[in-house]
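Heads up, the thing below is written out as structure tokens.
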């Protein structure tokens, strides 16, 4: 919710590039593929010109596991621990107004950089709607967080399969 609150509270007043990262500095389990498993090192290595050209860059660039076809909302039997996958069909239609794709894939862990111009491609009302959904969903924090983990790249203009 912190990312969405920042986007709403600072709408139109962003720096040219915004990095969204977790609060821990280093040695976290999901930092595999990030330089020295360190947010600080990853931020220092961030290519701002790339973010400006592309609009969005995931900070977790790794060949393992890469971008697995993690979310398959039409899977016939969804494991109980993947409630976020079951929910994605509805969330996608609410957020984007269209049918959910067969597969959504992106690097995990919701750490990325995005350009001001890319953020501004959506009206503040979209970010407010996403946050309202997050506050009202019956999903637990782990699953609601996973929904966003696999949607940030789409929210910021990338294809569902990254």
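Residue numbers (my numbering): 44 to 205.
For every residue, glycine included, the Cβ atom is placed at its ideal position computed from N, Cα and C.
Note that the structure is a prediction, hence the values are computed from the model and not measured.
In the three-state scheme derived from DSSP, where H, G and I count as helix and E and B as strand, residue 155 is classed as strand. For residue 60, the uninterrupted beta strand (DSSP E) segment begins and ends at 60-63. The three-state secondary structure of residue 101, taken from DSSP, is strand. DSSP places residue 123 outside both helix and strand once states are collapsed to three, so it counts as coil.
Annotation: residue 147 is outside any alpha helix (DSSP H) and is labelled neither H nor E by DSSP. In this structure residue 91 does not touch residue 171 by the C-beta definition: roughly 28 Å separates them, more than the 8 Å allowed. By the 16-neighbour rule on beta-carbons within 10 angstroms, residue 117 is exposed. In the DSSP annotation of this structure, residue 182 is not part of any alpha helix (DSSP H), being labelled neither H nor E.
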